[in-house]
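FYI, my numbering numbers position 176 of the sequence shown as 1470, with every residue one higher than the one before it.
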Amino acid sequence: MKSVLVLGAGLVSGPLVRYLLGEAGCRVTVADIEPARARRLVEGYPNGAWLEMSADNERELGEAVVEHDLVVSLLPYAHHVRVAGHCLRQSRPLVTTSYVSEEMRALDAAARDAGVLLLNEVGLDPGIDHMSAMALIHRVQEAGGRVTHFRSYCGGLPGPEANNNPLGYKFSWSPKGVVMAGRNDARYLDDGKEVFVPGRELFGHRWRLEVPGQDAFEAYPNRDSLPYVERYGLAGIRTMLRGTLRYPGWCETLKAIADLDLLDDRERDDLADLTCADWVRECVSNDGDLRRAVSERLGVSPDAPVVVNLAWLGFFNDEPVGIERGSNLDILAKLMLDRMAYRPGERDMVVLHHEFEVEHPGEVSVPVTSTLVVLGEPDGESAMARTVGLPAAIAARLILDGRLRLTGVQIPVSPEIYRPVLEELARFGIACIERDG
1295 MKSVLVLGAG LVSGPLVRYL LGEAGCRVTV ADIEPARARR LVEGYPNGAW
1345 LEMSADNERE LGEAVVEHDL VVSLLPYAHH VRVAGHCLRQ SRPLVTTSYV
1395 SEEMRALDAA ARDAGVLLLN EVGLDPGIDH MSAMALIHRV QEAGGRVTHF
1445 RSYCGGLPGP EANNNPLGYK FSWSPKGVVM AGRNDARYLD DGKEVFVPGR
1495 ELFGHRWRLE VPGQDAFEAY PNRDSLPYVE RYGLAGIRTM LRGTLRYPGW
1545 CETLKAIADL DLLDDRERDD LADLTCADWV RECVSNDGDL RRAVSERLGV
1595 SPDAPVVVNL AWLGFFNDEP VGIERGSNLD ILAKLMLDRM AYRPGERDMV
1645 VLHHEFEVEH PGEVSVPVTS TLVVLGEPDG ESAMARTVGL PAAIAARLIL
1695 DGRLRLTGVQ IPVSPEIYRP VLEELARFGI ACIERDG
């Protein structure tokens, strides 16, 4: 029986662990700093075990890696390179769902020399987005055509019936990571022109997007899209954009919060007696009507929808901020989680939408779309957990079965990876619908 070490027992780990224990029939050890979380994931499985472990403990990490045939890291991305170092020393393959960092990329030559596969970006976004796009791109190229424009959008959102707050977004865990992602600079190619968007302006750089069968969304660019011209084999393409989807309300509100300088992460220890109104007042330097001062700072009226949203978040309340030490980002995360958490029985939703312009010799350009919509289960597995965890689990099984013989630092853009992963995902009802025209 093949063995897998799963590092991290967070909210996306359940479907991955259950697939490996059940469908793949592996012996699985889940390691987490909170043993109760790890224990719950393997309860009832004779081939499951749990381990209390901190990822910062190098000795324990090394001992755990060597005792298993493969490692899946669901830890925060900052830990992946250290885990990869142990995998290289012990000749163990590694699977992650995170973007390849420069530090991870630097391990490519060593991994190839050692004959070890370090497979990254095999979740949802990144992951299913790569695989579903490459399946269509390669099919077009094999038929003698080419893709001239490509736009890809993905969002984890409340299901339609749970979209019941003015920001159009909800959280299962701390909002800090989601908000921090909105501070990243972005670059993309738009009809031959390179566009750069500073992180501070990201939420203002948005547009309306229609997705078949869904309500209208807002989209904004996600990180640096330009490297994917080469990674997707699309030399000469005129448009390359990877973007994020949100319901209307989110972008306008986050832009206002950024304009108020409330997204910084500088630590402070004087928050114990601070109220929400005091916190906001610091940023507008006003002792009078706070709502009017914020409105003037933003250049809108006091009853504008974005000001109403800030009021709904508690920005003008005299309640304590709720933490004694932290940053502006921590205060915002606390306010959001208090008001924007999923309620019992509410479902989340994942939407992935690709837009292609395809040309074949002697024919006019044809638009093609590819769309994936997955809904979570009420009080069960979330759509996000399934679409992040299952691709990684399937890839791990393929490696253990000897069906993936690649080495080095890889992402799932080759047919050897994406074809069997997409086929298995379809068996679980996770499949894109393609439309022409």
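Glycine included, C-beta positions come from ideal geometry on N, C-alpha and C.
Fair warning: this is a prediction, and the values are worked out from it, not measured in the lab.
Tell me the DSSP bridge mates of residue i?
| i | result |
| --- | --- |
| Ala1513 | Trp1501 and Leu1539 |
| Ile1727 | Thr1665 |
| Thr1533 | His1443 |
| Arg1562 | Gly1620 |
| Ser1676 | Paired residue(s): none; Ser1676 is not in a bridge. |
| Arg1702 | Contrary to the premise, residue 1702 reads as Gly rather than Arg in this sequence. DSSP, once it has assigned bridges, lists Leu1411 as partnering Gly1702. |
| Asp1518 | Arg1481 |
| Thr1569 | Pro1614 |
| Val1660 | Val1652 |
| Gly1421 | Gly1417 and Leu1418 |
Could you give the DSSP three-state label for residue i: helix, strand or coil?
| i | result |
| --- | --- |
| Thr1665 | strand |
| Pro1452 | strand |
| Leu1305 | coil |
| Thr1391 | coil |
| Val1682 | helix |
| Val1416 | coil |
| Ser1297 | strand |
| Gly1319 | coil |
| Ser1708 | coil |
| Asp1553 | helix |
| Pro1506 | coil |
| Asp1695 | coil |
| Tyr1526 | coil |
| Gly1493 | helix |
| Ser1385 | coil |
| Gly1670 | coil |
| Ala1400 | coil |
| Ala1437 | coil |
Using 8 Å for Cβ pairs, my map puts residue i next to residue j. What's the rounded Cβ distance?
| i | j | result |
| --- | --- | --- |
| Leu1412 | Ala1403 | Actually they do not touch by this definition, with Cβ atoms about 11 Å apart. |
| Met1634 | Ala1677 | Their Cβ separation, rounded to whole angstroms, is 17 Å, which puts Met1634 and Ala1677 out of contact at 8 Å. |
| Val1715 | Pro1685 | 6 Å |
| Pro1506 | Tyr1482 | Incorrect: roughly 23 Å between the Cβ atoms, too far for contact. |
| Ser1466 | Tyr1636 | 6 Å |
| Gly1417 | Val1601 | Actually they are not in contact, since the Cβ atoms of Gly1417 and Val1601 sit about 37 Å apart, beyond 8 Å. |
| Gly1316 | Met1295 | About 13 Å; that fails the 8 Å criterion. |
| His1362 | Leu1301 | No, His1362 and Leu1301 are not in contact; Cβ-Cβ is about 10 Å, not under 8 Å. |
| Leu1749 | Ala1679 | An answer regarding residue 1749 cannot be provided, because it is not within the stretch 1295 to 1731 covered by the chain. |
| Ala1408 | Leu1382 | 5 Å |
| Val1324 | Trp1344 | 5 Å |
| Thr1391 | Leu1364 | Not quite, the Cβ-Cβ distance comes to about 15 Å (not below 8 Å), so this is no contact. |
| Gly1493 | Leu1548 | Between Leu1548 and Gly1493 the Cβ distance is about 11 Å, and since that is not below 8 Å, they are no contact. |
Practice item. Let me know the alpha helix (DSSP H) ranges lying completely inside the stretch 1321 to 1374, each 4 residues or longer, listed in chain order. Key: List check, alpha helix (DSSP H) in window: 1329 to 1336 and 1352 to 1360.
Point to revise | Inside the stretch 1458 to 1491 only - alpha helix (DSSP H) runs reaching at least 4 residues | key: The stretch 1458 to 1491 contains, as complete alpha helix (DSSP H) runs of 4+ residues, the segments 1470 to 1475 (chain order).
Point to revise | Whole alpha helix (DSSP H) elements within the stretch 1571 to 1657, 4-residue minimum | key: Runs found: 1584 to 1592, 1599 to 1607 and 1622 to 1634.
Check your understanding: Looking at C-beta atoms only, is the number of pairs between the stretch 1658 to 1667 and the stretch 1456 to 1471 that lie closer than 8 Å three or more?
Key -> Contact between the stretch 1658 to 1667 and the stretch 1456 to 1471 is absent, because fewer than three Cβ pairs lie under 8 Å.
**Study point:** Segment contact, 8 Å Cβ cut-off, at least three pairs: the stretch 1382 to 1402 with the stretch 1609 to 1622
**Key:** Not touching, per the Cβ criterion.
Check your understanding: Taking three-plus beta-carbon pairs below 8 Å as touching, is the stretch 1349 to 1358 in contact with the stretch 1328 to 1339?
Key -> Here the stretch 1349 to 1358 does not lie against the stretch 1328 to 1339, with fewer than 3 beta-carbon pairs under 8 Å apart.
Review point. Are there three or more Cβ pairs, one per stretch, closer than 8 Å when the stretch 1554 to 1570 is compared with the stretch 1528 to 1544?
Key: Taking 8 Å as the limit for Cβ pairs, the verdict is that the stretch 1528 to 1544 does not touch the stretch 1554 to 1570.
Review point. How do the stretch 1617 to 1627 and the stretch 1419 to 1427 stand: do at least 3 beta-carbon pairs fall below 8 Å, yes or no?
Key: Between the stretch 1617 to 1627 and the stretch 1419 to 1427 there are fewer than three C-beta pairs closer than 8 Å, too few to call the two in contact.
Practice item. Decide yes or no for the touch test of the stretch 1428 to 1440 against the stretch 1581 to 1592: beta carbon pairs closer than 8 Å, at least 3 of them. Key: No, the stretch 1428 to 1440 is not in contact with the stretch 1581 to 1592.
Check your understanding: Would you call the stretch 1309 to 1324 and the stretch 1700 to 1712 in contact, with 3 or more CB pairs under 8 Å?
Key -> Two segments are said to touch when three or more pairs of C-beta atoms, one from each, lie closer than 8 Å; by this definition the stretch 1309 to 1324 does not touch the stretch 1700 to 1712.
Exercise for review: Could you say if the stretch 1514 to 1534 and the stretch 1441 to 1451 meet the contact criterion of at least three C-beta pairs nearer than 8 Å?
Suggested key: These segments touch.
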